[in-house]
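Each remark here refers to the structure printed beneath this line.
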Amino acid sequence: MHHANHFYGHAHVLARYAGLADGHPPRINGYVQHGWNIGDGLAPGHPYAERTPSLLWSEQTRRRAWSVGRRNVTVIGAPFAYLLALRPEDPPEQEREGTIWYPFHGWEGQHVKGDHRELIALIRATEPGPVTVCLYWHEHRMRRVRRLYENAGFRVICHGYRGHWWRDTDPLFLDKQLTELRRHRRVASNRLTSAIFYGIAAGCEPAVYGDPMVLADEDPTFGGTARIRRQWPELHGASVHLPTAVEIARAELGTDHRLPPAALRELLGWAHPQEETS
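Going left to right, the sequence shown walks through residues 103 to 380 as this note's numbering numbers them.
Structure below.
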């Protein structure tokens with residue numbers, strides 16, 4: 103299995119939906135898109151075997167992949183869409199309140215440069231209720247960054263470790279994220295990212311505002327933040343038209359392309375017992 107298929111527990115969510123037992127998911131026959139992006143669904147810099155099937159979130163991504171010459175592509179919807187099918191009506195633990203805010207983050211290979219103090223001041227001036235700041239594991243481990251948000255009076259959390267090279271994946275990452283999203287009225291970030299679309303799908307009012315910050319050696323191939331703001335202006339700002347946001351999120355997450363369990367098992371190569379499980 104391509105190691106990125108394990109990121110955020112995606113393979114685990116798909117296995118649960120497909121009716122497989124809990125534990126280590128079987129090998130997936132293909133590369134599952136592991137985050138929302140404006141390219142062909144593949145993450146720049148990750149090793150990729152030619153002719154490996156690309157299992158993409160949306161029809162829009164499939165068209166972009168086709169335009170750059172990729173042909174072995176199939177739209178299956180985002181793993182988060184499958185999680186929503188698994189957990190459609192969680193009983194609310196409490197009334198939705200406040201905002202969950204996701205600062206743009208880096209990862210092992212790239213760090214983010216930006217003024218967190220300036221962002222904190224903007225959040226405090228914009229958000230009407232209590233704020234939960236969810237830091238990506240990379241920034242959450244940076245005590246200096248984490249303390250800035252804690253000292254601002256925000257509740258600071260982390261959904262868990264994404265995993266890397268088949269190690270330390272938190273299989274409940276998306277479950278934790280969905281639970282937190284359903285506790286909040288709003289979801290916000292300084293960039294349009296997967297978390298915003300997840301939040302919309304989970305019933306939050308979205309907002310995208312503030313300095314988008316700079317990712318070291320960011321790949322400009324598909325147009326970067328400038329293109330994102332041009333193509334999705336409706337999702338930017340401290341207040342967004344919710345019906346429009348819901349429609350866009352449904353398309354970007356490929357919710358209408360979600361497969362039934364039996365069809366998913368067949369597509370992923372899980373219809374018959376496998377000897378290899380790694």
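Positions of the beta carbon are idealized from the N, C-alpha and C atoms, including for glycine.
Range covered by the alpha helix (DSSP H) that runs through residue i
i	result
ALA117	112-119
TYR150	Run containing TYR150: none; DSSP gives neither H nor E here.
TYR204	Taken as a continuous stretch (DSSP letters only), TYR204 belongs to no alpha helix (DSSP H), being part of the beta strand (DSSP E) at 201-204.
TYR184	181-188
SER169	161-169
Assigned exposure category for residue i - 16 Cβ within 10 Å defines buried
i	result
ARG329	exposed
ARG332	exposed
TYR251	buried
TYR238	buried
SER156	buried
TRP168	exposed
GLN196	exposed
ARG243	exposed
GLU241	buried
GLY312	buried
ALA257	The question names Ala, but residue 257 is Arg in the sequence shown. With fewer than 16 other Cβ atoms within 10 Å, it is exposed.
C-alpha gap between residue i and residue j, whole angstroms
i	j	result
LEU370	ARG198	36 angstroms
SER291	VAL310	5 angstroms
GLU377	THR154	At GLU377 the pLDDT is 48, less than 50, meaning the model places this residue with poor confidence and gives no usable figure here.
HIS136	GLY255	32 angstroms
ALA353	GLU161	8 angstroms
ALA365	PRO273	23 angstroms
LEU224	HIS114	37 angstroms
CYS306	ARG284	7 angstroms
HIS286	GLY121	30 angstroms
GLY111	ALA297	15 angstroms
ALA123	TRP372	12 angstroms
GLY231	ARG288	9 angstroms
PRO335	THR234	25 angstroms
Span of the beta strand (DSSP E) around residue i
i	result
LEU158	156-158
THR176	175-177
For residue j and residue i, believed in contact at Cβ under 8 angstroms, the rounded distance
i	j	result
LEU188	TYR119	6 angstroms
TYR133	LEU144	7 angstroms
ASP142	ARG173	So it is not a contact: roughly 11 angstroms between Cβ atoms.
PRO314	PHE206	6 angstroms
PHE299	LEU344	Incorrect: roughly 13 angstroms between the Cβ atoms, too far for contact.
LEU158	VAL170	Not really, about 13 angstroms apart at Cβ, beyond 8 angstroms.
HIS338	GLY179	Actually they do not touch by this definition, with Cβ atoms about 25 angstroms apart.
Heavy atom of the ligand MG within 6 angstroms of residue i beta-carbon
i	result
SER169	Among the components of this structure there are no ligands whatsoever, and the ligand MG is therefore not found.
**Ranges of the alpha helix (DSSP H) found wholly within the region 254-307, counting only runs of at least 4** = You should have 275-283, 296-303.
**Request:** Return the chain-ordered ranges of every alpha helix (DSSP H) run that is complete within the region 218-260 and spans a minimum of 4 residues.
**Result:** Runs of the alpha helix (DSSP H) inside the region 218-260: 218-228, 239-242, 245-253.
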